[in-house]
Amino acid sequence: KAFGYTAQQTLDYTQSLYEGKLVTYPRTDSQFLSDDMAQTALDVAKLSNTYFGFGISHTPDISKIINNSKVSGHHAIIPTSGIATADLSSLPSGEKNILTLIATKLICATAPAHKYEAVKLTGICNGTEFTATGRTVLEMGWKAYAKQTDKKNEEKSLPAVSEGQTFTVAASKGEHFTSPPKPYTEDTLLSAMERAGNEDYDEDTEKKGLGTPATRAATIEALVKNGYVERVGKQLRATDKGKELITVVPDEVKSPKLTAQWETRLQQVEHGDYSEVSFMQDIERFVKAMCSNYGAKDESVSLASQYHEPIGKCPKCGGDIIGGKYGFYCKVKCGMSVGNVYGVKLSSAQVKYLLNGKSTSIFTKGRRSVIYPEIEETTYKGRTYFQWKAVWDKK
Numbered sequence: 037k038a039f040g041y042t043a044q045q046t047l048d049y050t051q052s053l054y055e056g057k058l059v060t061y062p063r064t065d066s067q068f069l070s071d072d073m074a075q076t077a078l079d080v081a082k083l084s085n086t087y088f089g090f091g092i093s094h095t096p097d098i099s100k101i102i103n104n105s106k107v108s109g110h111h112a113i114i115p116t117s118g119i120a121t122a123d124l125s126s127l128p129s130g131e132k133n134i135l136t137l138i139a140t141k142l143i144c145a146t147a148p149a150h151k152y153e154a155v156k157l158t159g160i161c162n163g164t165e166f167t168a169t170g171r172t173v174l175e176m177g178w179k180a181y182a183k184q185t186d187k188k189n190e191e192k193s194l195p196a197v198s199e200g201q202t203f204t205v206a207a208s209k210g211e212h213f214t215s216p217p218k219p220y221t222e223d224t225l226l227s228a229m230e231r232a233g234n235e236d237y238d239e240d241t242e243k244k245g246l247g248t249p250a251t252r253a254a255t256i257e258a259l260v261k262n263g264y265v266e267r268v269g270k271q272l273r274a275t276d277k278g279k280e281l282i283t284v285v286p287d288e289v290k291s292p293k294l295t296a297q298w299e300t301r302l303q304q305v306e307h308g309d310y311s312e313v314s315f316m317q318d319i320e321r322f323v324k325a326m327c328s329n330y331g332a333k334d335e336s337v338s339l340a341s342q343y344h345e346p347i348g349k350c351p352k353c354g355g356d357i358i359g360g361k362y363g364f365y366c367k368v369k370c371g372m373s374v375g376n377v378y379g380v381k382l383s384s385a386q387v388k389y390l391l392n393g394k395s396t397s398i399f400t401k402g403r404r405s406v407i408y409p410e411i412e413e414t415t416y417k418g419r420t421y422f423q424w425k426a427v428w429d430k431k
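Start counting the sequence shown at 37; every next residue gets the next number (the numbering used here).
Printed below as a string of structure tokens:
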């Protein structure tokens, strides 16, 4: 996220660093080290301070990251003592950035706490309560070393006020619109995969979520390669092919509960509490049941059939508005661009809003645009087109 790399790029860079003996084993989701790593971690933290110029004056508190009970398989990724002898300046920029990030995480994890004073201010205006919150940083702690990767803005501090104090304030009225959930990025999708179905797992299950650190990046790449997901800038969006697949896949297969059940069984097999033969028999029965229940292909379950279902009437000519591969359009083809604004494809919900006389909004080129249910006329190469009125939000 900090450098805009895809999950696969990040894994590839980290794997290269591992092969160069500059970081420990990368395919792990552990955030802790085992007891026998304490001295090594302390030495590496001091080396990281020297070779990456963090400028720490405290002694790293390694005890914060030591926990045997939370280390399964492989411990957390940290730099190795190899950084002391390697020519770090000759590393490719991608590897150098990832190595710096790994070193930064180690320094932050063993640094003093970030301390602040949180303030909540309550004021009353004409009998209505208004609140404001703010923070005053007392000690930067670990955040002093995370500035290069932590780009979140700090909460503003509030001015000094006393109880009972009165003010003359200015008031303004604004218009706001709800926005749909943002599409996934590599970072948010990986987080969602890690958390998926966690409420369905037993407390003792070691591996949770969908996939592992070694397979999640490859899973995303496979979805893109096979045309189920496409990259739009930093966003990951389901294609029509992907949406159709999800439409026809049985709910049992799509549910994270299935993964949770299988992971629990595999853990029982590993610990000798369940036989491998029984587990494979369970899988065989499951597959047979799926084939029996869903063996016949239902041609009626297809997004293609949904494309031609009208969702409203064209505001220009009164013709039917239908969906197609490239968005929504007027069936009469009167020149009204119903489903796109500034090159951004509108969702069916947004198109319906506009057709029902309601405004909506989009984000493009880093700015928010408000779209109004009004028609504007434009001319391009001698041909007249019609589109929704869109105005850049000046806020």
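We put the CB at the ideal spot given by N, CA and C, even for glycine.
1. Grab me the residues of G371's own chain with a C-beta within less than 8 Å of its C-beta, minus the 5 sequence neighbours each way, in chain order.
2. Let me know the secondary structure DSSP gives K270 once reduced to three states.
3. Out of H212, Q67 and A122, which one is the CA nearest neighbour of K394?
4. Would you identify the three-state DSSP class for K132, choosing helix, strand or coil?
5. Measuring straight from C-alpha to C-alpha, what distance separates P409 and C350?
6. Hey, out of S215, T202 and P249, whose CA is closest to Q44's CA?
7. What's the C-alpha gap between L225 and R273?
8. I134 and Y28 - do their beta-carbons sit closer together than 7 Å?
9. Which of helix, strand or coil does DSSP assign to C161?
10. Entirely within the stretch 37-97 and at least 4 residues each: give me those alpha helix (DSSP H) ranges in chain order.
11. Could you work out which residue in R252, V107 and G363 is closest to A232 when comparing CA atoms only?
12. Using a Cβ-Cβ cutoff of less than 6 Å, which residues in the same chain neighbour L47 once the five nearest sequence positions on both sides are dropped?
13. The beta strand (DSSP E) with Q423 in it runs from where to where?
14. Looking only at its own chain, which residues have a Cβ that is under 6 Å from the Cβ of V305, when we skip the five neighbours before and after it?
15. What are the start and end residues of the beta strand (DSSP E) that includes D356?
16. Could you check how far apart the C-beta atoms of K151 and G170 are, in whole angstroms? I think they sit under 8 Å.
17. Please classify L390 as buried or exposed, where buried requires at least 16 neighbouring CB atoms within 10 angstroms.
18. Figure out for me which residue from T164, L78, G348 and Y365 has the closest Cα to the Cα of N392.
19. Based on DSSP bridge pairs, tell me the residues matched to Y220.
20. Using C-beta distances below 7 Å, list every residue in its chain close to S117, excluding the 5 sequence neighbours before and after it, in chain order.
21. In the DSSP assignment, find the unbroken alpha helix (DSSP H) run with F203 in it and report its ends.
22. Just how far apart, CA to CA, sit D97 and P148?
Looking at the atomic coordinates:
1. K352, R419, T420, Y421 and F422
2. coil
3. H212
4. helix
5. 11 Å
6. P249
7. 11 Å
8. Nothing can be reported for residue 28: it is not among the residues displayed for the chain, which extend from 37 to 431.
9. strand
10. 43-55 and 74-88
11. R252
12. A253
13. R419 to W428
14. E312 and F315
15. D356 to G360
16. In fact, because the Cβ distance is near 15 Å, the residues do not count as touching under 8 Å.
17. buried
18. G348
19. L272
20. D79, V80 and L83
21. Segment: none, F203 is in no alpha helix (DSSP H) and carries neither H nor E.
22. 8 Å
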